[in-house]
Amino acid sequence: MLPEESDTNGIPARITAVHKDRYELICEYGLCFGRLKTSVYYNNNNSFEEFPTVGDYVLINYNNEGDSQIIKTLERKSKFARNDFSGHSAGYVKTVLEQVVAANFDYVFIMQSLNHDLNIKRLERYLTLAWQSGAVPVVILTKSDLVEDYTGQQREIEKAAAGVGVFAISAKTGFGLESLSEYLKPKKTIVFLGSSGVGKSSLLNALAGEELMTVNVTRNVDESKGRHTTTHRQLIMLESGVMIIDTPGMRELGMWDVSDGLGEVFSDVEQYFGKCKFNDCTHNSEPGCAVKSAVESGELPYKRWESYLQIKREAKFADDKSAYARSQKELHRKWAREAKAKSRKRK
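Take the sequence shown: its position 251, counted from the start at 1, is 372 in our numbering, and no numbers get skipped.
As structure tokens, this is what we get:
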């Protein structure tokens, strides 16, 4: 579970939960808590240390009488990141930060309910980020016991998620859980992603064989509308050796760097790009545009093209805002250096 070697002093550990500025960890001494070393993460101008998140491997100065000290975040093999507008609406934000919500996982279980939560556009966004993360996405269609016939819905999902495993399951009855066995291997880490109430906690309990997470059902309402009870991201190890990262439902899933993910999810769209008459075709009004022709003929569904453009716009927004923020920060640093130099000259 933990990395065996590192060129930095410290004991290897893994982040299992984040409670604001306090971290829950697992190391060779068992469970412990830790805090970031200030001189490394806050006051070191010569290097940049990534703030750890759930699933991260770190090095710590172990303290058996109190909180340990986290001194280094080790390199990630995969990560799931989203935009952080820091409380501002997208139209007014000046600084877009990358918020890493989980790290070092092998599979992304993208969960949607077969009755109330099924949303193709949301699925496309999750798939894009999942492929970009460096892990393998798997689509889990939950609450199959509440739908009489879901074959049409599953076909629609399989079409949108080409090349991705799609499985219908019921955590309540156990239906379909055996089909997930190829992913549920010891030492493998899986991150659960989905809207609130989609059934992430129920699936976790079903895989564990016990109630690890409380699942509430809204009173006087159809049981299909469960209340999501996860309040923070956490890594949970099952007796089988499988590790699960459960995340709270996220209302807004923004784009960060998704160049690779877009190519995987929208390969049916990007296949036309090299067929246009002009190499610099913007796919708007140019003659001989293969994309326009495909959309007009119905070969490429307009909804797919629309979804592709929407995700591209979101990614460009984040990139442009971040570049602006970086340039402004560098400009302020330059002014500070110049002011400091002038002050020295006066003396």
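We put the CB at the ideal spot given by N, CA and C, even for glycine.
Return the Cβ separation of residue i and residue j in integer angstroms, given the expectation that the two are a contact with Cβ distance under 8 Å.
i, j, result
"Phe-201", "Leu-250", "6 Å"
"Arg-156", "Ile-191", "7 Å"
"Ala-138", "Gln-355", "4 Å"
"Leu-180", "Ile-136", "The Cβ separation is near 12 Å, so there is no contact."
On the CB-based measure, 16 or more other CB atoms within 10 Å of its CB, does residue i come out buried or exposed?
i, result
"Glu-332", "exposed"
"Pro-307", "exposed"
"Phe-169", "exposed"
"Tyr-163", "exposed"
"Leu-430", "exposed"
"Ser-388", "exposed"
"Glu-373", "Low confidence applies to Glu-373: its pLDDT is 45, below 50, so where it sits in the model is not reliable, and the reading given next is rough at best. Flag for Glu-373 reads exposed."
"Gly-295", "exposed"
"Lys-264", "buried"
"Lys-413", "buried"
"Asp-401", "exposed"
"Leu-152", "exposed"
"Thr-310", "buried"
"Ala-283", "exposed"
"Ile-365", "buried"
"Thr-272", "exposed"
"Thr-335", "exposed"
"Arg-197", "buried"
"Lys-158", "buried"
"Gln-253", "buried"
Tell me the DSSP secondary structure of residue i in three-state form.
i, result
"His-140", "strand"
"Arg-372", "Any reading at Arg-372 must be qualified, since the residue scores a pLDDT of 43, below 50, and its modelled position is unreliable; no value is offered."
"Asn-182", "strand"
"Ser-234", "strand"
"Leu-146", "strand"
"Arg-135", "strand"
"Ile-311", "strand"
"Trp-423", "The sequence given here has Tyr at residue 423, not Trp. Note: Tyr-423 maps to helix in three-state DSSP."
"Leu-262", "strand"
"Phe-154", "strand"
"Gly-395", "helix"
"Ala-292", "coil"
"Tyr-247", "helix"
"Tyr-304", "coil"
"Val-473", "With the chain covering 122 to 468 only, the question about residue 473 has no answer from this structure."
"Lys-200", "strand"
Would you say residue i touches the ligand SAH, meaning its beta carbon is less than 7 Å from a heavy atom?
i, result
"Tyr-429", "This structure simply doesn't include the ligand SAH, nor any ligand for that matter."
Could you give the first and the last residue of the continuous alpha helix (DSSP H) run that contains residue i?
i, result
"Gly-273", "272-281"
"Ala-256", "Ala-256 -> no alpha helix (DSSP H), and no H or E assigned at all."
"Val-412", "411-418"
"Val-161", "159-162"
"Ser-322", "321-329"
What span of residues does the beta strand (DSSP E) with residue i cover, start to end?
i, result
"Gln-355", "355-358"
"Ser-189", "189-194"
"Asp-367", "364-367"
_Check whether the region 270-280 and the region 293-311 touch, using three or more Cβ-Cβ pairs below 8 Å as the test._
In the pairwise beta carbon analysis, the region 270-280 is classified as not touching the region 293-311: fewer than three pairs are separated by under 8 Å.
*At a cut of 8 Å, does the region 218-234 reach the region 169-178 through at least three beta carbon pairs?*
yes
*Do three or more CB pairs link the region 411-426 to the region 313-326 at distances below 8 Å?*
Because the criterion of three Cβ pairs below 8 Å is not met, the region 411-426 and the region 313-326 do not touch.
_Contact between the region 252-267 and the region 231-240 (3+ Cβ pairs under 8 Å)_ = These segments touch.
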